[in-house]
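Student:
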Amino acid sequence: MGTATMADIDLKKIDLKKKLKKKGHSQEIWRRFKKNRTAMVGMFIFVFILLVMIFADAIVSYDTAVTQKISNRFIPPGSAGHLFGTDNFGRDILARIVHGSRNSLLMGIGAVVIGIVIGGLLGSIAGFYGGGIDSFIVRTMDTVMCIPLMLLVLSIVAALGASLVNVLIAMMIANVPHYIRIVRAAVLSVAGQDYIEAARACGTPNFLIILKHVIPNAIGPIIVQATMAVGTMIIHAAGISFLGMGIQPPTPEWGAMLNEAKNYMVDYPYTVIFPGLSIGLTALSLNLMGDGLRDALDPKLRD
Amino acid sequence: MARYVFKRVLMLVPMLLIVIFIVSFIMNLTPSDPGTLILGERATKDAIQELNDRLGYNDPFFIRYVRYVSRALRGDLGNSWKNGAPVIQEIVRRFPATLTLAVGAIVIGLTIGMTLGILSAVKQYSALDVAGTAFAMALASFPGFWIGMMLIILFALKLRWLPSFGVGSMKHYILPWFTTSCSFGASMLRMTRTSMLESIRMDYIRTARAKGQTEKLVILRHALRNALLPVVTILGMSFGGLLGGTVTIETVFSIPGVGSLVIEAIRMKDVPVVVGATVTLATCFTLLMLVVDILYAFIDPRIRARYIRH
Amino acid sequence: MSMLRTVNLKKYFKIGKNRFLHAVDGVNVEIDAGSTLGVVGESGCGKSTMGRLVMGLLPATSGEIFYDGVDILRCTKAELAERRRKMQIIFQDPYSSLNPRMSVFELISEPLVMNRACANKKEQLARVIELMEIVGLAGRFINSYPHEMDGGRRQRIGVARAIALRPEFIVCDEPVSALDVSIQAQILNLLMDMQDEMKLTYMFITHDLSVVKHISDEIMVMYLGQCVERARSKELFKNPLHPYTQALLSAIPQPVLGKLRHDKLLRGEVTDPIDPEPGCRFAKRCNVMKPECIEHDIALQDVGSGHFVACVLCGG
Amino acid sequence: MLKKTLDKNTVPVLDVRNLEAVYQMDEGVVRAVNDVSFTIAEGETMGLVGETGAGKTTTAFSILRLLPERTGRIPRGEIFYKGENLLKKTPDEMRIIRGSCISMIFQDPMTALNPILTVGDQILESLEIHNIENKTKKELESRVDELMTLVGISPARKNEYPHQFSGGMKQRIVIAIALACEPLLLIADEPTTALDVTIQAQVLVLMEELKGRLGTSMIMISHDLGVVAKTCDSVAIMYAGEIVEYGTAKDIFEGKVHHPYTLGLFQAIPRLDEDTLRLRPINGLMPDPSDLPSGCKFHPRCVDCMDECRDGKPYPYNQNGHRILCNLLQREKRV
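Residue numbers (numbering that gives the first Met the number 0), protein chains in the order written: chain A, 0 to 302; chain B, 0 to 309; chain C, 0 to 315; chain D, 0 to 334.
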């Protein structure tokens, strides 16, 4: 058996190593993720879009995106100063897309993050404790999920009034059942594992079991689903704006741009092509990343 | 089995009560009242007030809820505030277009999505698999209504092969069908592929191969049937979703479906139509999910046994 | 004096409307300090449930569990926590019983931290290293993760976790079933050495009679939630009295040339003990069943020198 | 048909020569089976013994040519079934051989049966695939009844689904499927590992009985020396993809000379028939199959390791067909 002195000597060596330690698992995931070419492409696109969003003001001023200048109507794409052309009010489409990224991404990410927090709380309670609470939450959520999602969102927006924040709240509320379902499934798959019982056997209290054992092991699939959900939310938000019930003009937003442009798409198709591409590319990059992340988290699925 | 179905149908009742409650509650928050809608903005406050009183709109929310439920149970979903027509009649008038759109899209998406999904799984990592999954992911990433616009630009405006909007003939439906089937077909492909990959790895596939079964039958008889459960689930949910969730696509193609009815009603703050149509759609969705559960029983004897035991 | 004693311990699982699975149905065990009780039986006989009941991981339906003379099902929470530290468990599957996101250091530390067994981080680290040495894990693994290790090493982590709090009593729930024979022997030797050095008491649950014979002082044979025979290890193997024990023993193929004996072959298979009828639960498969076997429950009887059997054929 | 045209006395049922099998993984080449040779005569049962990762199952899959298509490969070796090289067969010829001439029983009966087909249909499927005599459906159905009776299950249960059967019963059905076309060779991959001992005994006795009645040869893959002792005529001990010792059951269980690994295996198991105070485990661990040690694959764990064992293939010892892959015996002989 080890003596105290021996342990003391080892102590220094191991303390050094401990600094490297924590990385173990995430490093491994990152290594596998990096090998996945499509996932990396997705990540680069998304990082690019994020950078555009963050530095939007540095790229092109907000005024360019909203100031109407009728004399500049429908300048075709590729023209000097208007790479993507101009719209029916003579506003630069590229500028509107750059600034529109803020609203679109904000709604997508915001709705998912808040939704996941609420859904995560309820979902993990349902999954971990089971029994009556579980069946109550599941039943209620199943009922809500019967209501067509888009109609639920739209009626909430109608009740609250059309604005960015309200669309965000509406999407969040309407999607909470979905997140509860995801989190509950992830928690359930962990809660049945032997190491939960092993932790209980060595005296770990419930909240620490959730914190140290359940969450770290369940978080992977939740992050994957969340990543992909951001894409879906961006599409939904665009749909709401497209119907004219979300963000109101002249605020630049991709869906709203499509709504305005749809009347001119016959003669000026580029006015609908570019905003749509932006939505699609953003969602695609998120989906690619989510897919790669899933493979990286669970290499069993491959081969 | 019959008892199981009966029990499930019975469970529909409390579920619909909750749905009605949720939708009515949300709509109750909208700044709208029947008096203004029926009499118009120019009517006197008193006249509006009087009409609202007569329609019972000024009663507390809970009383109106109970009254609505008791009528709904007798099959009366009320009348539209806008034009006074019975809500049921409005829904019945709009339903065929929605159903045509949904069924066509399902058929297209199911055929293409499932076939490609099976092939991708069988030939995992092949060019077909890579291309198929990439295509599916791209389709799922672009908003359906935008894909619809692109199809209109290409096939209706440039090539002039197909009409761009309206519901005059079946030809009018071709673009909407393909548009709607995009995201459904994509999820079908992905789900079929994942599910097939899982079942192909099962031990009983090895048993079938060791028997000397041909590869074709190993896939069709053993792998596919076992992979169907999640596929059927997605099918049911998507079908239910398509009944009410194609609002944007209906808008693009000017199809007078139930989705459009609801969105128009939401815009007009025509509460009875919103509640009535949403409840109808939710009922359809639940019934579809019941059909899915019954299909489960046909596919998997283990589930059948569970139903019979209950 | 016995370290652990259960009296008429029962665990029924509700599996439907008024349907109960009698997983453990009135079991009395007694384990002397420093000795090993082997619990053997086939799948579904309730042996794992037994271990979990004793550990308090499952609430018992009825009965008493005395640990050091104190009924742990009815003592105060503080008392219970105190006892719990002295009782630990080693799990069957070293693959699923270790959290894959935790390093060896964190895994072995968990019981120490949760029970505030170490005054500071330094002491904790020293203790982890000491434990690793005891169970034969090289120090270089301290920052490894379970997935980087093989089954034998993982099970050593499980053992280290179990002895971290210097327990007196350990439930070993099939600790070697998931391991290859050469590794199995390593772990069995480790468990036996630890018992000698730390004066541990084991409840050793397994389906493998050869293993249980090797490690146990006393053996209890379970069938469908009940104890059918209990005796000193040597006595049981020399003189098995219950027909089930006899069948079990003759069914095990030994690595010596020859054919399996057909005559002791059991008919049928184990069923679930769902609301069982009175009488001997083994009766339906028994080759020597008598009418009285299914008339009433058969109690465990002492047939001399600490050998207990529940069979009408060997009544006192 | 293949099995009827050949002279059955001179040609062994199975003759595997210098078989190698590899898996092409992302991390590198996994050499699962290295230079494995053995023969099985008609009616003979050979035990293939080894621990996890020894290459037992890969050997079995190689014989049936069921290695995973994308990763598995047989770079070298010959597998003669009744004198015909299976590795030279077209996929379609091979398919006909599977199930009719060579069939396999899998380890886990819980998952080996398709959960959504009735057990009767699954037995029938085997018969239909190899129905060369164009029997009517009715004849085949009666054969299903016959097979079910043979394995001790009432034919009345043929319309039930796998989940309605217990583990032992399922394994009986798996056996019925495997024996449906009366194959000449049956490969049983740990057929009783997932079963309780009393059920294991039932299944082993049943297999023994059927094998005797049908004259089938068998490869019994197992990690349990006890099972092998009770069922096999010859035994091959595998370690890290190689057969380290091969001989008759008498050679292995009662012979005087052994490979150190064989000795280690025997000493590591607790015995019911004798009292051992302390087990003697084999030191160290199974090597990583993608990074095998040089020389004798067992040398890092061997108590009698010599310098010459570290590099170069060990010199095989062979006495009347009892083959041992170890330098130690060679030296003893020389000395």
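Note that CB positions come from ideal geometry on N, CA and C, so glycine has one too. On a predicted model such as this, the values are computed, not experimentally measured, just so you know.
Report yes or no: do the region 254–268 of chain B and the region 196–209 of chain B share at least 3 C-beta pairs separated by less than 8 Å?
Tutor: no
Student: Run through DSSP, which three-state label would C/ARG153 get?
Tutor: Note: C/ARG153 maps to helix in three-state DSSP.
Student: Got a sec? Which residues, its chain only, sit under 6 Å from A/LEU104 by beta carbon, not counting five neighbours each side?
Tutor: MET52
Student: Cβ of B/VAL257 within 8 Å of Cβ of B/ALA276?
Tutor: yes
Student: With 9 Å as the limit, tell me which residues of the region 103–134 of chain B have their beta carbon closer than that to any beta carbon of chain D; keep them in chain order.
Tutor: GLN123 and TYR124
Student: If you measure from the beta carbon of A/ASP297 to each beta carbon in chain C, is any gap under 8 Å?
Tutor: no
Student: Taking contact to mean at least 3 C-beta pairs separated by less than 8 Å, is the region 100–110 of chain B in contact with the region 174–189 of chain B?
Tutor: yes
Student: Quick check on A/PHE43: does DSSP put it in helix, strand or coil?
Tutor: helix
Student: Kindly list the residues whose CB is nearer than 7 Å to the CB of B/HIS171, restricted to its own chain and excluding five residues on each side of it in sequence; keep chain order.
Tutor: PRO162 and GLY165
Student: Would you call the region 229–243 of chain D and the region 283–303 of chain D touching, i.e. three or more CB-CB distances under 8 Å?
Tutor: yes
Student: Report yes or no: is there a C-beta of chain C within less than 8 Å of the C-beta of D/ASP91?
Tutor: Residue-level contact check: D/ASP91 does not touch chain C, since none of the beta carbons of chain C fall below 8 Å from its beta carbon.
Student: Which one or two residues does DSSP pair with A/MET227 in a beta bridge?
Tutor: In DSSP, A/MET227 forms no bridge with anything.
Student: So that I know if they touch, is there some Cβ in chain C lying closer than 8 Å to that of A/ASN205?
Tutor: no
Student: Distance cutoff 8 Å, beta carbons only. Does D/TYR160 sit that close to anything in chain B?
Tutor: yes
Student: My understanding is that C/LEU240 touches C/CYS310, with C-beta atoms under 8 Å, so please give their C-beta distance in whole angstroms.
Tutor: Confirmed, about 7 Å.
Student: What number of angstroms, rounded off, separates the C-alpha of A/TYR61 from the C-alpha of B/GLU89?
Tutor: As the crow flies, the alpha-carbon of A/TYR61 is around 45 Å from that of B/GLU89.
Student: Take A/ALA295 and list the residues in its own chain whose beta-carbon comes closer than 6 Å to its own, dropping the five residues that flank it on each side.
Tutor: Answer for A/ALA295: ILE28, ARG31 and PHE32, listed in chain order.
Student: Quick one: does B/ASN225 have its CB under 8 Å from some CB of chain D?
Tutor: yes
Student: Could you check the C-alpha separation between A/HIS98 and A/GLU252 for me, to the nearest Å?
Tutor: 8 Å
Student: Closest to D/PHE37 by C-alpha separation, out of D/ASN326, D/HIS321 and D/LEU327, would be which residue?
Tutor: D/HIS321
Student: Can you tell me where the beta strand (DSSP E) with B/HIS171 in it begins and where it stops?
Tutor: Element bounds for B/HIS171: not the beta strand (DSSP E) but the alpha helix (DSSP H), 169–199.
Student: Confirm, please, whether the CB-CB distance from C/ARG4 to C/GLU41 is below 8 Å.
Tutor: In this structure, C/ARG4 does not lie closer than 8 Å to C/GLU41 by Cβ.
Student: Quick one, which of D/LYS137, D/HIS222, D/MET24 and D/PRO259 has its alpha-carbon nearest C/GLN253's?
Tutor: D/HIS222
Student: Grab me the residues of B/GLY112's own chain with a C-beta within less than 6 Å of its C-beta, minus the 5 sequence neighbours each way, in chain order.
Tutor: GLY184, MET187 and LEU188
Student: Give the interface partners of C/LEU56 over in chain A, defined as CB-CB distance under 9 Å, in chain order.
Tutor: GLU196, ARG199 and ALA200
Student: By the 9 Å beta-carbon criterion, what residues does the region 140–173 of chain D contribute toward chain C?
Tutor: Listed in sequence order: SER165, GLY166, GLY167 and MET168.
Student: Any beta carbon from chain C within less than 8 Å of A/ASP133's own beta carbon?
Tutor: no
Student: Just checking, does the region 139–155 of chain C make contact with the region 163–183 of chain C on the three C-beta pairs under 8 Å criterion?
Tutor: yes
Student: The alpha helix (DSSP H) that contains D/GLY225, what's its start and end?
Tutor: 224–230
Student: Against chain D, with Cβ distances strictly below 8 Å, would B/HIS171 count as a contact?
Tutor: no
Student: Residues bridged to C/THR200 by DSSP?
Tutor: C/PHE168
Student: Taking the beta strand (DSSP E) that C/ARG18 belongs to, which residues open and close that run?
Tutor: 18–31
Student: Note down, in chain order, every chain B residue with its Cβ under 8 Å from the Cβ of A/ILE179.
Tutor: None at all; the shortest Cβ gap to chain B is about 16 Å.
Student: What residue range is occupied by the uninterrupted beta strand (DSSP E) comprising A/MET106?
Tutor: For A/MET106, no beta strand (DSSP E) run applies; the uninterrupted alpha helix (DSSP H) run containing it begins and ends at 92–128, by DSSP.
Student: Can you tell which of C/MET288, C/LEU97 and C/VAL308 has the C-alpha that lies nearest to the C-alpha of C/MET221?
Tutor: C/VAL308
Student: Applying the 10 Å Cβ sphere with the 16-neighbour rule, what's the burial state of B/TYR310?
Tutor: Past the edges of chain B, shown from 0 to 309, lies residue 310 of chain B, and the structure says nothing about it.
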